[in-house]
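Number of protein chains: 2
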Amino acid sequence: MISVEQAKNIILNSTQDFGVEEIPFIKSVGRILKEDIVADRDFPPFNRVSMDGIAINYTYFKNGQRGFKVEGIQAAGSEQLSMQYADNCIEVMTGAVLPNNCDTVIRYEDVVLENGIAIITVNDIKDKQNIHVKGKDKSKNDVLIAKNKLISAAEIGVFATVGKSVVKVAKQPKVLIVSTGDELVGVDEIPLEHQIRRSNVFTLVSLLERLDIPSETTHITDDKPVLKSKIETYLQEYDVLLFSGAVSKGKYDFLPEVFDELGVKKLFHKVTQRPGKPFFYGKTNNCNVFGFPGNPISTFVNCLAYFYPWYYKSIGLKTKEETAILNADVTFKSNLTYFLQVQLETKLGHLVATPIKGNGSGDLASLVNTDAFIQLPNDKTEFKKGEVFPIIAYRSF
Amino acid sequence: MISVEQAKNIILNSTQDFGVEEIPFIKSVGRILKEDIVADRDFPPFNRVSMDGIAINYTYFKNGQRGFKVEGIQAAGSEQLSMQYADNCIEVMTGAVLPNNCDTVIRYEDVVLENGIAIITVNDIKDKQNIHVKGKDKSKNDVLIAKNKLISAAEIGVFATVGKSVVKVAKQPKVLIVSTGDELVGVDEIPLEHQIRRSNVFTLVSLLERLDIPSETTHITDDKPVLKSKIETYLQEYDVLLFSGAVSKGKYDFLPEVFDELGVKKLFHKVTQRPGKPFFYGKTNNCNVFGFPGNPISTFVNCLAYFYPWYYKSIGLKTKEETAILNADVTFKSNLTYFLQVQLETKLGHLVATPIKGNGSGDLASLVNTDAFIQLPNDKTEFKKGEVFPIIAYRSF
Chain A
4 MISVEQAKNI
14 ILNSTQDFGV
24 EEIPFIKSVG
34 RILKEDIVAD
44 RDFPPFNRVS
54 MDGIAINYTY
64 FKNGQRGFKV
74 EGIQAAGSEQ
84 LSMQYADNCI
94 EVMTGAVLPN
104 NCDTVIRYED
114 VVLENGIAII
124 TVNDIKDKQN
134 IHVKGKDKSK
144 NDVLIAKNKL
154 ISAAEIGVFA
164 TVGKSVVKVA
174 KQPKVLIVST
184 GDELVGVDEI
194 PLEHQIRRSN
204 VFTLVSLLER
214 LDIPSETTHI
224 TDDKPVLKSK
234 IETYLQEYDV
244 LLFSGAVSKG
254 KYDFLPEVFD
264 ELGVKKLFHK
274 VTQRPGKPFF
284 YGKTNNCNVF
294 GFPGNPISTF
304 VNCLAYFYPW
314 YYKSIGLKTK
324 EETAILNADV
334 TFKSNLTYFL
344 QVQLETKLGH
354 LVATPIKGNG
364 SGDLASLVNT
374 DAFIQLPNDK
384 TEFKKGEVFP
394 IIAYRSF
Chain B
4 MISVEQAKNI
14 ILNSTQDFGV
24 EEIPFIKSVG
34 RILKEDIVAD
44 RDFPPFNRVS
54 MDGIAINYTY
64 FKNGQRGFKV
74 EGIQAAGSEQ
84 LSMQYADNCI
94 EVMTGAVLPN
104 NCDTVIRYED
114 VVLENGIAII
124 TVNDIKDKQN
134 IHVKGKDKSK
144 NDVLIAKNKL
154 ISAAEIGVFA
164 TVGKSVVKVA
174 KQPKVLIVST
184 GDELVGVDEI
194 PLEHQIRRSN
204 VFTLVSLLER
214 LDIPSETTHI
224 TDDKPVLKSK
234 IETYLQEYDV
244 LLFSGAVSKG
254 KYDFLPEVFD
264 ELGVKKLFHK
274 VTQRPGKPFF
284 YGKTNNCNVF
294 GFPGNPISTF
304 VNCLAYFYPW
314 YYKSIGLKTK
324 EETAILNADV
334 TFKSNLTYFL
344 QVQLETKLGH
354 LVATPIKGNG
364 SGDLASLVNT
374 DAFIQLPNDK
384 TEFKKGEVFP
394 IIAYRSF
């Protein structure tokens, strides 16, 4: 039996690179960028008008001139005009190129237009105001987005701006989720008294969907030869196998034996944690095998606490640890790391975690009322309100 | 010109119910549940063994017996056995029904099995231990998930458990995103000196995708008759129109006039905020019109600050306000509510917002380096490090 910290270390030293693929930029939210995105020209690409109004040569304003004859209109998307007479003005629109021979923009709110003359009605005009100067944000070839960034709506806008209609992203692993257990029936079936419906595989599908990882699911009965023959094939066909159940001490918990017989190298089996103690992790040359204990909360928290960080590191994403303030005293005497279910809330800039007592690792419905797990270490038994611990959030709050 | 608070009130008093639809449960993450999910039977549905080991009648243990003859094996998924002799035991597996005439489970770790006899090696055995009692989590017909919940992986597991293969969710509005502006060219085109590529529509598509709202996009040139005829059709065909650009004071900012001529009731135009002051909001009987100013950051923050809450309330989702601690002194004298870009981090349970100075509302690339906007009110000009303000986060951190 190893500690949570040891288990995490082993997992993080056992990541795998799944390579890179190119996809349409608009489909890339949630993926990890695998190239630097550089400016294809200066940004802004020209001296850009940033207010609707008139453009003038500031010298004339400074010298006391207030009425400026309107020479033309510079629309956004039109070629740059040149002002013919330096004491005239040109009407300019937000997003337009600043006309030649102009250097300052006065917004319409500060101007009266009459008979082709613009009269400036305020005195507080600054030289070069309301111009977004060429190259001010970025110069051509500047890196706008460094690789290994998690792509969000903000990055999508930048891709569009620089013409990256196709982007390189980390390829996703090919994942199969396997349930075992003869007590399980399908979602559409009516279970007999001693049966229950399959649910963990669907929870796992959804937890992977959050990472934009598509997955397949299957079920194998508790029959060792069948398990062995099917898993032998899956180990060849998938990058990752996630199992739910059959890793504990039961007579039909064949998975650890089957893994051993199929040459899956065991990296650990059993972690000093609650829930999810019988967690198994191993690998072949090509396949990563996560054997989650079959209780619903065990599967859920192990996926978040181990598979997620393994995946993040595999694809090159750096994540920050999140912490929260415990909102009640907790006593836990089992000498295990305790992943305790909590509700999260921000109160005046504090992230507050309120423990909610479930009925143990079988009580899936209790996850509905909580937002995260707070990770209480195994070297203490008393945890006080106000103390700070790491959290693993599973929903926005 | 109205305040941010007034604008939000108007928007929240102008929400729209888009009805309910039924979809496969596995596709429902990110949607809003529109029915109560009730337990179809007790949970657990039977007295459920929660450890692999042996089941006994506790009375015999209490009376000093330590060796128990193994009468059989109760597997998970098998019909309930009945123990024939009350001083025997039955091997039981996690998830199995507790056999008749048994009341206590001892885990394998605390038992030695020899020649068909299980010898209990510990003295600390509690009556009825390691049994997850029928109905302990929930009783038949209990509400497991109340309607109006945002569906996450946790809810998916509950749907599966109770056999809800199809669930009722809030229907999504039908949304069209419209860009205007003759300076815009396509993502795959090489812009001329005075042109830029379209980007805001794609940013908006991605921001809506975060809400699981599919959307369509289109572009209209800055030509009033064309705008009017196209928008007239769109007002009939869509629940929501999101515009980017053409709502300010420019000569070609035709949208407010066009809206007026087409019978769109203006609820406000211009909000005392930066960025995004010229924001327009109006509606017809069937269509909700958001006219975002065309600068990239303006469009981005207005979508988050107004469209998101409008959508959440429309579909019945209650959200909590998030707040963070400002991590630097800020001076802002414009008498406008300031949506300031920040990086977010949790430090010892505190949500810390560090301002990052961009180059104004045209600097889309600056969003790449920030995680949220902190909302600084317009009744002050000095904001101190350590003060707490609302935030609008646009990425996980």
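Line by line, the protein sequences are chains A and B. Start counting the first sequence at 4; every next residue gets the next number (my numbering). Start counting the second sequence at 4; every next residue gets the next number (my numbering). Just so you know, even glycine gets a beta-carbon here, dropped at the ideal spot from N, CA and C.
Report the partner residues of A:Ile57 according to the DSSP bridge assignment. A:Ile57 is bridged by DSSP to A:Glu94, A:Ile109.
Hey, is B:Met86's beta-carbon within less than 9 Å of any beta-carbon in chain A? Judged by the 9 Å Cβ criterion, B:Met86 is not in contact with chain A.
If you draw a straight line from the alpha carbon of B:Asn91 to that of B:Ala121, how long is it in whole angstroms? Approximately 9 Å between the Cα atoms of the pair.
In whole angstroms, what is the alpha-carbon distance linking B:Phe400 and A:Asp215? Caution applies to B:Phe400, whose pLDDT of 49 falls short of 50 and renders its modelled position unreliable; the value that the coordinates give is listed next. B:Phe400 and A:Asp215: Cα-Cα distance of roughly 17 Å.
Kindly give me the distance between the Cβ atoms of A:Asp374 and A:Arg398, rounded to whole angstroms, as I take these residues to be in contact under 8 Å. Confirmed, about 5 Å.
Could you compute how far the alpha carbon of B:Gly70 sits from the alpha carbon of B:Lys129? CA-CA distance, B:Gly70 to B:Lys129, rounds to 17 Å.
Buried or exposed, going by whether 16 or more other CB atoms sit within 10 Å of the CB of B:Glu158? Burial call: buried.
Rounded Cβ spacing between A:Tyr309 and A:Phe335 (contact assumed at less than 8 Å): Contact doesn't hold; Cβ gap of about 21 Å is too wide.
Counting only beta-carbon separations shorter than 9 Å, does A:Arg277 have a partner in chain B? Using a Cβ-Cβ cut-off of 9 Å, A:Arg277 does not count as an interface residue toward chain B, since no Cβ of chain B sits closer than that to its own.
Compare the C-alpha of B:Leu307 against each of B:Phe282, B:Thr287, B:Tyr61, B:Lys286 and name the closest. Residue B:Phe282 is the option with its Cα nearest to B:Leu307.
Touch test, the region 229-241 of chain A against the region 194-214 of chain B, Cβ-Cβ under 8 Å, three pairs minimum: No, the region 229-241 of chain A does not touch the region 194-214 of chain B.
Contact between the region 324-339 of chain A and the region 386-395 of chain A: three or more CB pairs below 8 Å? Yes: the two stretches touch, three or more of their Cβ pairs being nearer than 8 Å.
Assuming A:Ile148 contacts A:Leu36 (C-beta within less than 8 Å), just tell me the rounded distance between them. Approximately 6 Å separates the beta-carbon atoms of A:Ile148 and A:Leu36; this is inside 8 Å, confirming the contact.
Does chain B have any CB closer than 9 Å to the CB of A:Glu24? So, not an interface residue.
Please list, in chain order, all residues of the same chain as A:Pro27 whose beta carbon is under 7 Å from its beta carbon, the five residues on each side excluded. If we look at A:Pro27 and ignore the five residues flanking it on each side, its Cβ neighbours are Ser168, Val169.
Against chain A, with Cβ distances strictly below 9 Å, would B:Ala173 count as a contact? With 9 Å as the cut-off, B:Ala173 does not count as an interface residue toward chain A.
Considering only the alpha carbon of each residue, which of A:Ile59, A:Gly160, A:Leu187, A:Asp43 lies closest to B:Gly80? Looking at the Cα atoms, A:Leu187 is the closest of the given residues.
Compare the Cα-Cα distances from B:Arg201 to each of B:Ser85, B:Phe303, B:Gly184, B:Lys383 and report the closest residue. The shortest C-alpha separation from B:Arg201 is found at B:Gly184.
Look at the alpha carbon of A:Asp382 and the alpha carbon of A:Ile13, and state the distance between them as a whole number of angstroms. About 20 Å.
For A:Thr107 and A:Val64, believed in contact at Cβ under 8 Å, the rounded distance: Here the sequence assigns Phe to residue 64 of chain A, which means Val is not the residue at that position. Cβ atoms of A:Phe64 and A:Thr107 come within 8 Å of each other, at about 7 Å.
Applying the criterion that 16 or more other CB atoms from any shown protein chain within 10 Å of the CB defines a buried residue, is A:Ala89 buried or exposed? Exposed: under 16 other Cβ atoms inside 10 Å.
C-beta atoms of B:Thr275 and B:Ile5 nearer than 9 Å: Yes, Cβ-Cβ distance for B:Thr275 and B:Ile5 is below 9 Å.
Please confirm if A:Tyr255 has its CB atom under 9 Å from at least one CB of chain B. Against chain B, the CB of A:Tyr255 has a partner CB under 9 Å away; the residue lies at that interface.
Indicate whether at least one CB of chain B lies closer than 9 Å to the CB of A:Glu406. Residue coverage of chain A in this structure runs from 4 to 400, which leaves residue 406 of chain A outside it and unanswerable.
Candidates B:Ile300, B:Lys280, B:Glu264: which alpha carbon is nearest B:Thr287's? Among B:Ile300, B:Lys280, B:Glu264, the Cα nearest to that of B:Thr287 is on B:Glu264.
Beta bridge counterpart(s) of B:His353 as assigned by DSSP: B:His353 is bridged to A:His353, B:Lys350.
For the alpha helix (DSSP H) containing A:Lys316, name the first residue and the last one. Here the alpha helix (DSSP H) through A:Lys316 covers 311-318.
Count the other C-beta atoms from every protein chain shown that fall within 10 angstroms of the C-beta of A:Asn305, then say buried if there are 16 or more, exposed otherwise. By the Cβ-count criterion, A:Asn305 is buried, with 16 or more other Cβ atoms from all chains shown falling within 10 Å of its own Cβ.
In the structure shown, what three-state DSSP assignment does B:Lys336 receive? Note: B:Lys336 maps to coil in three-state DSSP.
Give a yes or no on whether the minimum CB-CB distance between A:Lys388 and chain B is below 9 Å. A:Lys388 is outside the set of residues whose beta carbon lies under 9 Å from a beta carbon in chain B.
Does any residue of chain B bring its CB to less than 9 Å from the CB of A:Glu1? The structure shown does not extend to residue 1 of chain A, since chain A is modelled only from 4 to 400, so the question has no answer here.
Check whether chain A comes within 9 Å of B:Ser251, counting only Cβ atoms and requiring the distance to be less than that. Yes, B:Ser251 counts as interfacial toward chain A.
A:Pro228 classed as buried or exposed, judged by whether at least 16 other C-beta atoms fall within 10 angstroms: Per the 10 Å Cβ criterion, exposed.
Hey, is B:Glu117's beta-carbon within less than 9 Å of any beta-carbon in chain A? At a cut-off of 9 Å between C-beta atoms, B:Glu117 does not count as an interface residue with respect to chain A.
By the 8 Å beta-carbon criterion, what residues does the region 133-163 of chain B contribute toward chain A? Contact residues of the region 133-163 of chain B toward chain A are His135, Lys139, Asp140, Lys141, Leu147, Ile148, Lys152, Leu153, Ser155, Ala156, Ala157, Glu158, Ile159, Gly160, Val161, Phe162, Ala163 (C-beta to C-beta distance below 8 Å).
If you follow the beta strand (DSSP E) that B:Phe21 is in, where does it begin and where does it stop? Following the DSSP letters along the chain, one finds B:Phe21 in no beta strand (DSSP E), marked with neither H nor E.
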